[in-house]
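Asker: Residue numbers (our numbering), protein chains in the order written: chain A, 8 to 279; chain B, 2 to 84.
Here you go:
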């Protein structure tokens, strides 16, 4: 039985796909058989972030509609052995996904994999609800910014009511907060929400904190999930996040601003 | 900068403004989370009825549903303007 984890956020552009790709890569690097599914039908991007865009032949919608087998649609990752990608369709619309169809796909993947990551589209419409419906755990990606935090709270409301676990009154989905694009210097200046505030407002457990990092754009430029950039702060922060998902206790890193000396603060100070 | 802020009399940092605003809006969102689907409609229609008799603003009406174990209480608060 695979564990199904949805990577979701409500708001767009906060780093869902980057995080889904990075976490899936991290889980696979730790020896778990992992598949990451793009639920953003019509606007697929996971294939680009994973660097397999030229190897897409069939997609999730083809599988659901019986036009291709699961094994034909799954793309084996070039870099990590036990990692697979199931891309979204670029041409169909989101109505091509059905509850039963998605359930069937997840059920058969569940037999072969340890982890199934669902990369949710933005918004709270059908595609986003389908991505979360069958989940066991949820990674709620949040930027330290008002609209992102508010949307994350809306998503938490949906996770608690519009999912299979909620409808069947089973144990609720395990919710994890993943803060991305965190800038400790701006937090120190009082111009950015700090992680304690976000955690307090959303009232869920923090699974990771990814600092704003040049490595993320560099990674997406190349189509290599940032986890592979083991020297980068973001890469290490995702590796820590994966360890915590696997139940390990890892201290938080990259959240503290390296303060300048007193002298330079008084005289040479200036913002940023 | 900190020293300057101190001398000027510290201005409120934008992050703490963000936190206060979020706390209010999230509390409001959560109070609506468990309410039945008909509540927004009920609220709108109640407001219409009240407006037939008194001129009140949209935000002068406050409606909430509190659930106990065995019953629910629908609470309606209307602030009427001084006539």
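Even glycine gets a Cβ: it sits at the ideal position worked out from N, Cα and C.
1. Taking residue 44 of chain B as part of the beta strand (DSSP E), name the residues at either end of that continuous run.
2. So, at 6 Å on beta carbons, what are the nonlocal neighbours of residue 277 of chain A in its own chain, with the 5 sequence-adjacent residues on each side left out?
3. List in chain order: all unbroken alpha helix (DSSP H) runs of 4+ residues lying wholly within the segment 132 to 181 of chain A.
4. Figure out for me which residue from A:156, A:162, A:151, A:88 has the closest Cα to the Cα of residue 219 of chain A.
5. Look up residue 85 of chain A in the DSSP assignment and say whether it is helix, strand or coil.
6. Quick check on residue 57 of chain A: buried or exposed, where buried means 16 or more other Cβ atoms within 10 Å of its Cβ?
7. Please state whether DSSP places residue 96 of chain A in a helix, a strand or coil.
8. Looking at the secondary structure, which residues open and close the beta strand (DSSP E) in which residue 60 of chain A lies?
9. Determine, using beta carbons only, whether residue 217 of chain A and residue 26 of chain A come nearer to each other than 9 Å.
10. To the nearest whole angstrom, what separates the beta carbons of residue 31 of chain A and residue 124 of chain A, a pair I think is in contact under 8 Å?
11. Check whether the Cβ atoms of residue 185 of chain A and residue 146 of chain A lie closer than 9 Å to each other.
12. Counting only beta-carbon separations shorter than 9 Å, does residue 139 of chain A have a partner in chain B?
13. Using Cβ-Cβ distances below 9 Å, what residues of the segment 140 to 153 of chain A are close to chain B?
14. Within 9 Å (strictly less), CB to CB, does residue 20 of chain B reach chain A?
15. Tell me the DSSP secondary structure of residue 264 of chain A in three-state form.
16. Between the Cα of residue 20 of chain B and those of A:243, A:242, A:76, A:207, spot the shortest distance and give me the residue it belongs to.
17. Inspect the beta-carbon positions of residue 46 of chain A and residue 155 of chain A and report whether they are closer than 9 Å.
18. If you reduce the DSSP assignment to three classes, tell me which class residue 69 of chain B lands in.
19. In chain B, which residues lie less than 7 Å from residue 156 of chain A when you measure between Cβ atoms?
20. Taking only runs that begin and end inside the segment 20 to 55 of chain A, name each unbroken beta strand (DSSP E) of 3 or more residues, in chain order.
21. Let me check understanding here. Comparing Cα to Cα, which of A:176, A:77, A:209, A:198 lies closest to residue 162 of chain A?
22. Mind pulling the chain B residues with CB within less than 8 Å of residue 190 of chain A?
23. If you drop the 5 nearest sequence neighbours on each side, which residues of the same chain put their C-beta closer than 6 Å to that of residue 67 of chain A?
24. Could you check the C-alpha separation between residue 20 of chain A and residue 54 of chain B for me, to the nearest Å?
25. Strictly below 8 Å CB to CB, what residues from chain B border residue 208 of chain A?
Answerer: Quick answer:
1. Residue 44 of chain B -> not in any beta strand (DSSP E); alpha helix (DSSP H) instead, spanning 40 to 54.
2. Low local confidence applies: a pLDDT of 47 at residue 277 of chain A is under 50, so the model's placement there is unreliable, with the coordinate-based value given in what follows. Closer than 6 Å at the Cβ level, and outside the excluded window around residue 277 of chain A, lies no residue.
3. 133 to 140, 153 to 166, 171 to 174
4. A:151
5. coil
6. Counting the other CB atoms within 10 Å of its CB gives residue 57 of chain A a total of 16 or more, which places it among the buried residues.
7. coil
8. Careful: residue 60 of chain A lies outside any beta strand (DSSP E) and carries neither H nor E.
9. yes
10. 5 Å
11. yes
12. no
13. 151, 152, 153
14. yes
15. coil
16. The residue from A:243, A:242, A:76, A:207 with its alpha-carbon nearest to that of residue 20 of chain B is A:207.
17. no
18. The three-state reading of DSSP puts residue 69 of chain B in coil, since its state is none of H, G, I, E or B.
19. Those within 7 Å of residue 156 of chain A in chain B are 23.
20. For the segment 20 to 55 of chain A, whole beta strand (DSSP E) runs of length 3 or above, ordered along the chain, are 41 to 45.
21. Closest by alpha carbon: A:209.
22. Under the 8 Å cutoff, chain B gives no residues; its nearest Cβ is about 11 Å from residue 190 of chain A.
23. 93, 95
24. 48 Å
25. 20, 23, 24, 27
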